[in-house]
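The next block holds one structure in the form of structure tokens; read it before the comments.
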Amino acid sequence: MLQHLPAAGEAGDSQSLAADLAAQNEHFLYLRQLLQDIESVFGRLSSSLATLHVGVEELAREKKAMPIREKKAVPSAKPASSRPVPA
1 MLQHLPAAGE
11 AGDSQSLAAD
21 LAAQNEHFLY
31 LRQLLQDIES
41 VFGRLSSSLA
51 TLHVGVEELA
61 REKKAMPIRE
71 KKAVPSAKPA
81 SSRPVPA
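Residue numbers are given in UniProt numbering: position 58 of the sequence shown equals residue 58, and the series is strictly consecutive.
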């Protein structure tokens with residue numbers, strides 16, 4: 001790490017190093033903001049999934065509470081064929 005530091009008295013190198021450090025700092029600040037945004041999105045996603053889970057459980061309870069009805073016989077929509085069916 002020390003090999004990257006400029007020798008004493010080299011003003012141009014220290015300015016270059018300062019510019020590099022400023023660019024790195026800006027990059028790290030961008031990454032920090034990006035991670036915070038990702039955390040926020042996952043937080044909202046988690047909250048939405050929890051709400052969905054509660055809704056699904058509620059629907060399941062309502063479905064279980066509904067009385068069971070017998071299905072009525074529905075006539076076939078397909079007309080009967082006049083041709084004999086081969087055996």
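Don't be surprised by glycine CBs; every beta carbon is placed ideally from N, CA and C.
How long is the line joining the alpha carbons of residue 47 and residue 13, rounded to whole angstroms? Along the sequence shown, one-based indexing puts residue 47 at 47. Along the sequence shown, one-based indexing puts residue 13 at 13. Their Cα atoms are separated by approximately 51 Å.
Under three-state DSSP, which class holds residue 71? The sequence position of residue 71 within the sequence shown is 71, counting from 1. For residue 71, the three-state secondary structure derived from DSSP is coil.
Using a Cβ-Cβ cut-off of 7 Å (strictly less than) and excluding sequence neighbours within five positions of residue 70, which residues of its own chain qualify? The residue labelled residue 70 in the question sits at position 70 within the sequence shown. Same-chain partners within the cutoff: there are none.
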